[in-house]
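Peer 1: If you count the sequence shown from 1, position 179 lands on 178 in numbering that gives the first Met the number 0, and the numbers rise without skipping. Cβ atoms here follow ideal geometry from the backbone N, Cα and C, with glycine treated the same way. No experiment lies behind these values; they were computed from the predicted model shown. Take this structure first; my questions come after.
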Amino acid sequence: MVKTIRVNLGQNSYDIRIGSGTLSQTGQILKEMGFNDKAIIITNPIVKKLYGTSLKQSLINEGFWVTILSVPDGEEYKSLESAGKLYHQLTEFGAERTTPILALGGGVIGDLAGFVAATYMRGIPLVQIPTTLLAQVDSSIGGKVAVNHGKLKNNIGAFHQPRTVISDIATLKTLPSAGIVNGLSEVIKYAVIRDEKFFTYLEKNLDPVKSLDDNVLETIVTKSARIKTGVVENDEKDMGLRNILNFGHTVGHAVESVSNFEIAHGQAVGIGMMAGVKIAAELSLVDSKAVIRLAKLLKKAGLMTVLPRLEIEQIMQAMQFDKKVQRGKIRFILPKSIGEVFITDDVSPALIERILVELK
Ligand SMILES: NC(=O)c1ccc[n+]([C@@H]2O[C@H](COP(=O)([O-])OP(=O)(O)OC[C@H]3O[C@@H](n4cnc5c(N)ncnc54)[C@H](O)[C@@H]3O)[C@@H](O)[C@H]2O)c1
Ligand SMILES: [Zn+2]
């Protein structure tokens with residue numbers, strides 16, 4: 000069964016379709032949406048080998064003329080250089096204003112293909128077909144697309160909502176377990192910021208997630224997608240509420256960058272969430288039981304709860320360079336309880352530092 004979540008954004012509204020085997024329905028879905036003629040799949044060699052043929056076939060079955068464009072695997076290829084090559088290939092293929100780009104892969108492909116779709120001919124249709132847990136619960140939803148430039152991540156980008164998101168949970172079966180763990184960090188984040196019941200569900204069901212029980216996977220992807228959708232609907236262009244999605248990311252991004260990206264994003268965010276809940280507990284803003292609950296769930300998910308050997312001074316410095324710093328103040332998202340957070344720039348650097356020391 001396919002679950003559909005509507006993302007209500009006026010003229011930019013779209014459906015997220017979640018289910019097992021949805022990938023092979025893509026041709027039909029696009030046809031029903033009014034697309035015909037040509038389609039362009041952008042992917043990488045790993046995902047192409049796993050799912051390229053079945054996606055292409057489903058489109059050919061509906062009469063589409065299809066090309067698959069492949070970008071090497073890795074964050075370093077989420078670049079203007081890759082985008083430049085893709086623009087060239089799009090022109091060669093004869094892409095038109097109405098030709099959809101299908102982003103088949105994880106967040107790297109989604110962001111890059113999305114950026115290309117946002118900019119080629121001032122914007123052509125984008126369809127997200129996310130194949131990692133992170134991409135299904137996070138990056139494919141909300142329309143943020145970007146490439147990295149110089150040392151900065153995601154600093155050249157646009158808002159370009161997809162026409163639809165097709166999340167096939169069966170594709171998650173081929174992910175290495177570290178990939179699942181990485182995505183679980185964002186899943187836990189959603190529960191903390193918006194939904195205590197979901198947090199309780201995760202406390203009870205996380206093991207089947209790691210062994211990839213279909214029902215549990217579908218539930219966590221659907222619940223997470225709903226939470227992200229709810230936030231995006233209220234703040235499409237990231238002017239306020241969308242900030243809450245950065246829970247755990249202030250410290251998380253700093254940890255990631257100080258480790259030279261050796262610590263995975265999800266792992267770094269896990270530490271960041273621990274820092275957040277501990278800061279809130281220290282300020283008596285949240286019950287100290289929340290600290291214990293979060294630590295337990297993160298551990299169960301295979302995420303880090305203690306800070307690895309990194310210089311705290313460097314982490315403090317990295318936080319100052321974060322996009323979330325406004326007028327010199329570091330912005331924090333802190334829990335009030337499991338299920339509710341608020342935004343503040345009133346956390347003293349001394350307290351942050353003390354909590355980081357405690358987390359060592
Ligand atoms: N746009 C947004 O709102 C947003 C939000 C969060 C993250 N992001 C971006 O997402 C990116 C990270 O995404 P990610 O974690 O998906 O990483 P990724 O895209 O690099 O994918 C991780 C690895 O899994 C492989 N892979 C993908 N699908 C697979 C499958 N089904 N089976 C086996 N292997 C598979 C990929 O080839 C890659 O090696 C970052 O660039 C980040 O900036 C964007
Ligand atoms: Zn994240």
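(1) Roughly how many angstroms lie between the CA atoms of A112 and K203, to the nearest whole one?
(2) Would you kindly report the start and end of the unbroken beta strand (DSSP E) that includes G104?
(3) Rounded to a whole number of angstroms, what is the C-alpha to C-alpha distance between I278 and V180?
(4) Below 7 Å, is the gap between the Cβ of E310 and the nearest heavy atom of ligand 2?
(5) Using 8 Å for Cβ pairs, my map puts L358 next to I291. What's the rounded Cβ distance?
(6) Starting from the N-terminal side, write out each stretch of the alpha helix (DSSP H) that is 4 residues or longer and does not extend beyond the region 209-293.
(7) Among all residues, which have a Cβ less than 6 Å from at least one non-hydrogen atom of ligand 2, and in what chain order do they fall?
(8) Does T52 come out as helix, strand or coil in the three-state DSSP assignment?
(9) Kindly say whether H159, judged by its beta-carbon, lies nearer than 8 Å to any beta-carbon of chain C.
(10) Alpha carbon to alpha carbon, what distance is there between D212 and M0?
(11) Taking the beta carbon of I165 as the centre, do at least 16 other beta carbons fall within 10 Å, making it buried, or is it exposed?
(12) Between T25 and ligand 1, is there a pair consisting of the residue's CB and a ligand heavy atom that are separated by less than 7 Å?
(13) Look up F341 in the DSSP assignment and give the residues it is bridged to.
(14) Taking buried to mean at least 16 other C-beta atoms within 10 Å of its own C-beta, is M238 buried or exposed?
(15) Rank T173, D110, I4, K152 by C-alpha distance to the C-alpha of I45 and give the top, closest one.
(16) Out of I140, L54, I168, S139, point me to the one whose CA is closest to S19's CA.
(17) Count the other CB atoms within 10 Å of the CB of R16; is the residue buried (16 or more) or exposed (fewer)?
(18) In whole angstroms, what separates the C-alpha of A102 from that of T163?
(19) Leaving aside the five residues before and after T92 along the sequence, list all residues of the same chain whose C-beta is less than 6 Å from its C-beta, in chain order.
(20) In the DSSP output, which residue or residues are listed as bridge partners for I39?
(21) Tell me, which residues are paired with N181 by DSSP?
(22) So what's R16 in DSSP terms, helix, strand or just coil?
(23) Going by CA-CA distance only, name the one from T249, M303, K288 that's closest to A263.
(24) Count the other CB atoms, across all protein chains shown, that sit within 10 Å of the CB of H87; report buried if there are 16 or more and exposed otherwise.
(25) With a threshold of 16 other CB atoms inside 10 Å of the CB of F114, please say whether the residue is buried or exposed.
(26) For a quick check, are the C-beta atoms of L133 and G83 less than 8 Å apart?
(27) Can we count K209 as close to ligand 1, meaning its CB is less than 7 Å from some heavy atom?
(28) Does the beta-carbon of I278, which I'm using as the reference point, lie nearer than 7 Å to any heavy atom of ligand 1?
(29) Leaving out five residues before and five after G251 in sequence, what residues of the same chain have Cβ atoms less than 6 Å from its Cβ?
(30) Within 8 Å, do at least three Cβ pairs link the region 337-353 to the region 181-195?
(31) Using only CA atoms, which one of G265, K30, Q313, N43 lies nearest to V136?
(32) Under the rule that 16 or more other beta-carbon atoms within 10 Å means buried, what is G141, buried or exposed?
(33) I think L355 touches L306, with their Cβ atoms under 8 Å apart; what is that distance to the nearest whole Å?
(34) Give the DSSP-derived three-state secondary structure of F114 in the structure shown.
Peer 2: Taking the definition as stated:
(1) For A112 and K203, the distance between alpha carbons rounds to 37 Å.
(2) Note, G104: beta strand (DSSP E), 100-104.
(3) In this model, I278 and V180 are separated by some 24 Å (Cα to Cα).
(4) For E310, the distance from the CB to the nearest heavy atom of ligand 2 is not below 7 Å.
(5) L358 to I291, Cβ: 14 Å. No contact.
(6) Counting only runs of 4 or more, we get 213-233, 248-257, 264-281.
(7) Selection output, chain order preserved: E185, H248, H264, V268.
(8) Helix.
(9) As a matter of chain content, chain C is missing from the structure shown, which is built from one protein chain.
(10) Near 15 Å, if we compare the C-alpha coordinates of D212 and M0.
(11) With 16 or more Cβ atoms within 10 Å of its Cβ, I165 is classed as buried.
(12) No, ligand 1 has no heavy atom inside 7 Å of this Cβ.
(13) For F341, which the question treats as bridged, DSSP gives the partners L333.
(14) With fewer than 16 Cβ atoms within 10 Å of its Cβ, M238 is classed as exposed.
(15) Residue T173 holds the alpha-carbon nearest to the alpha-carbon of I45 among T173, D110, I4, K152.
(16) By alpha-carbon distance to S19, the top candidate from I140, L54, I168, S139 is I168.
(17) With 16 or more other Cβ atoms within 10 Å, it is buried.
(18) Going from the Cα of A102 to the Cα of T163 covers about 11 Å.
(19) One detail in the question is off: residue 92 reads as Phe in this sequence, not Thr. The residues are T66.
(20) BP columns for I39 point to T66, I100.
(21) Paired residue(s): none; N181 is not in a bridge.
(22) Secondary structure at R16: strand, using DSSP grouped into helix, strand and coil.
(23) When the alpha-carbon of A263 is set against those of T249, M303, K288, the nearest one is in M303.
(24) By the neighbour-count definition (other C-beta atoms within 10 Å, threshold 16), H87 is an exposed residue.
(25) Burial call: buried.
(26) Result no, Cβ atoms of L133 and G83 do not sit closer than 8 Å.
(27) No, Cβ of K209 sits at least 7 Å from all heavy atoms of ligand 1.
(28) No; taking the cut-off as 7 Å, the Cβ of I278 has no heavy atom of ligand 1 nearer than that.
(29) Counting only Cβ-Cβ distances below 6 Å, and skipping sequence neighbours, we find A267, V268, G271.
(30) Flag = yes, the region 181-195 and the region 337-353 touch.
(31) Answer by Cα proximity: G265.
(32) Buried, because 16 or more other Cβ atoms sit within 10 Å of the Cβ of G141.
(33) Rounded, the Cβ-Cβ distance is 6 Å, consistent with contact.
(34) The DSSP-derived three-state label of F114 is helix.
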